[in-house]
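According to the UniProt record's numbering, the sequence shown is numbered sequentially starting from 1.
C-beta atoms are modelled at their ideal positions from N, C-alpha and C, and glycine is treated no differently.
Since we're looking at a predicted model, the values are computed, not measured.
Below is one structure; the comments refer to it alone.
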Amino acid sequence: MNAFDLSRLQPRLPSPLEPVEDERFARRGLTLLLKREDLIHPDLPGNKWRKLSLNLREAAGRPVLTFGGAYSNHLRATAAAGRLLGFPTVGVVRGDELAGRPLNPSLARCTADGMRLEFVDRATYRAKNDPATRAWLLERAPAGAYVVPEGGSNALAVHGCVELGRELAGLADVAAVACGTGGTLAGLAAGFEGRTLGVPVLKGGFLGGEVRALQEAAFGGPRGDWALDERFHGGGYARVSPALDAFAQDFEARHGLAIERLYVAKMLYGLTTLAEEGAFPAGTRLAAVVTGAPETV
Ligand SMILES: Cc1ncc(COP(=O)(O)O)c(C=O)c1O
1 MNAFDLSRLQ PRLPSPLEPV EDERFARRGL TLLLKREDLI HPDLPGNKWR KLSLNLREAA
61 GRPVLTFGGA YSNHLRATAA AGRLLGFPTV GVVRGDELAG RPLNPSLARC TADGMRLEFV
121 DRATYRAKND PATRAWLLER APAGAYVVPE GGSNALAVHG CVELGRELAG LADVAAVACG
181 TGGTLAGLAA GFEGRTLGVP VLKGGFLGGE VRALQEAAFG GPRGDWALDE RFHGGGYARV
241 SPALDAFAQD FEARHGLAIE RLYVAKMLYG LTTLAEEGAF PAGTRLAAVV TGAPETV
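Shown next, in the form of structure tokens:
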């Protein structure tokens, strides 16, 4: 273990797997299990811990430069890791119009954790992986910075999520996970012997290609038995309809845990709909991966 190994932070791993009584599943002979990734660490919940751990070990204390929108959970988790383990962090934030305004609670948390924020216009943000733009950004970061891509998804992040799939071995037949960049799904599916169902929270239908590319980068080819159901993005990223909110509130009341709306609620809604559509044979054990917790700032 090196000084920048997240295991120093005593994560709760393997994350708990909790069976819950839900008649929408029970009446079809299905078992619903919640894979409580949100309980891994209060500052690095869920897939944040899984995706950052190998990257931070690789960075080994170098400054970390990464990217996100104004409400990015990934920026917050990276900033928190920097504070907890003691390395500098720089967050490149989409939207130069934000630079002159008071920080929202999420970005304020990042700076309180010591992250330096660089606001860039949308065109620059879109071009962040082009060599010239990347060089320009690196000039603004401390020397020798280690770059973690937007959403934290790269080959090391995918490898970090493999263990999530392995933890479900023999305990579940299907794992359901919400997808943004697809990194969590790419690793989970590789480590899981059952079927993995991805619920994209962005619309556009591009995610299958992204997952294949991430698996190619991480493993050299496709891994695991996975599929996407594109019906549950609810209009696109960060769109939370009153119906989805009502579903999440009802789930919270039934099962006594707080449900993150942008990802986890959409996955649970999708899984419940599929169960009600008769998509799974009786006897199937369904693990719903709770990839994060609602913001508390
Ligand atoms: C709570 C939560 N769940 C799921 C995801 C999706 O993860 P990925 O980008 O690896 O698909 C994210 C984004 O990082 C997230 O914050």
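Residue i (DSSP reduced to helix, strand or coil)
i, result
"T66", "strand"
"G198", "strand"
"L244", "helix"
"A175", "strand"
"residue 300", "The structure shown does not extend to residue 300, since the chain spans only 1 to 297, so no value can be given for it."
"P222", "coil"
"E21", "coil"
"P16", "coil"
"G82", "helix"
"T184", "helix"
"E295", "coil"
"Y125", "helix"
"E216", "helix"
"H233", "coil"
"A3", "coil"
"H255", "helix"
"A275", "helix"
"Y263", "coil"
"A26", "helix"
"G99", "Position check: residue 99 holds Ala in this sequence, whereas Gly was assumed. Here A99 sits in coil by DSSP."
"D250", "helix"
"A238", "coil"
"P42", "coil"
"S106", "helix"
"G209", "helix"
"P131", "helix"
"residue 384", "Nothing can be reported for residue 384, as the shown portion of the chain is limited to 1 through 297."
"G191", "helix"
Start and end residues, alpha helix (DSSP H) containing residue i
i, result
"K48", "47–59"
The beta strand (DSSP E) enclosing residue i, as first and last residue numbers
i, result
"L33", "31–35"
"G91", "89–94"
"L286", "285–289"
Beta-carbon separation (whole angstroms), residue i vs residue j, contact threshold 8 Å
i, j, result
"V92", "A145", "Actually they are not in contact, since the Cβ atoms of V92 and A145 sit about 11 Å apart, beyond 8 Å."
"L164", "L188", "5 Å"
"L84", "D43", "7 Å"
"residue 330", "A218", "The structure shown has nothing for residue 330, since the chain only spans 1 to 297."
"L156", "N55", "5 Å"
Identity of the residues DSSP links to residue i by a beta bridge
i, result
"A227", "L197"
"M115", "T89"
"V120", "R94"
CB contact check: residue i to chain D, cutoff 9 Å
i, result
"W136", "Included in the structure is just one protein chain, with no chain D present."
Please specify which runs of the alpha helix (DSSP H), each continuous and at least 4 residues long, are wholly inside the stretch 133–169, giving them in chain order. You should have 155–167.
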